[in-house]
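One structure below.
In UniProt numbering, the protein residues as written are 1 to 111.
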């Protein structure tokens, strides 16, 4: 309980794989992340890494949900990776964080 490294470690890590058509219209919601039990007073959503920077953004859609957006059309074939973090806070103290690793496989075709 007193370990700072343990306290800062992710509570969960999940992997998600998405097929994506080439040159999709943007902005487009690709992925939603939320918590099933919300015990803190705020959530923070952020992109923390991955390949494909500049084509993704993250935004809050309601009190408990964040969305990964495709912000630029992508020509395929391509593989894009993005790492998302959802952090839960109570009075500015970190209660836990969840990591979502999303891989999008972009087709060479627009259909």
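C-beta atoms are modelled at their ideal positions from N, C-alpha and C, and glycine is treated no differently.
Within 10 angstroms of the Cβ of residue i, are there 16 or more other Cβ atoms? Answer buried if so, exposed if not.
i, result
"residue 111", "exposed"
"residue 106", "buried"
Inspect the beta-carbon positions of residue i and residue j and report whether they are closer than 9 angstroms.
i, j, result
"residue 15", "residue 68", "no"
"residue 102", "residue 50", "yes"
"residue 55", "residue 80", "yes"
Compare the C-alpha of residue i against each of the options and name the closest.
i, options, result
"residue 88", "51, 56, 49 and 33", "33"
"residue 17", "83, 108, 109 and 98", "83"
"residue 35", "12, 26 and 27", "12"
"residue 70", "25, 5, 6 and 7", "25"
So is residue i in contact with chain D if we call contact Cβ pairs under 9 angstroms?
i, result
"residue 23", "Looking at the structure shown, chain D is missing, and only one protein chain is on hand."
Within the same chain, show all residues whose beta-carbon is closer than 6 angstroms to that of residue i, passing over the 5 residues directly before and after it, in chain order.
i, result
"residue 100", "14, 33 and 84"
*Where are the beta strand (DSSP E) runs, 3 residues long or more, that stay fully inside the UniProt domain "Fibulin C-terminal Ig-like" (12–108), in chain order?*
Listed in chain order, they are 12–20, 28–34, 42–49, 56–62, 65–70, 78–90 and 93–106.
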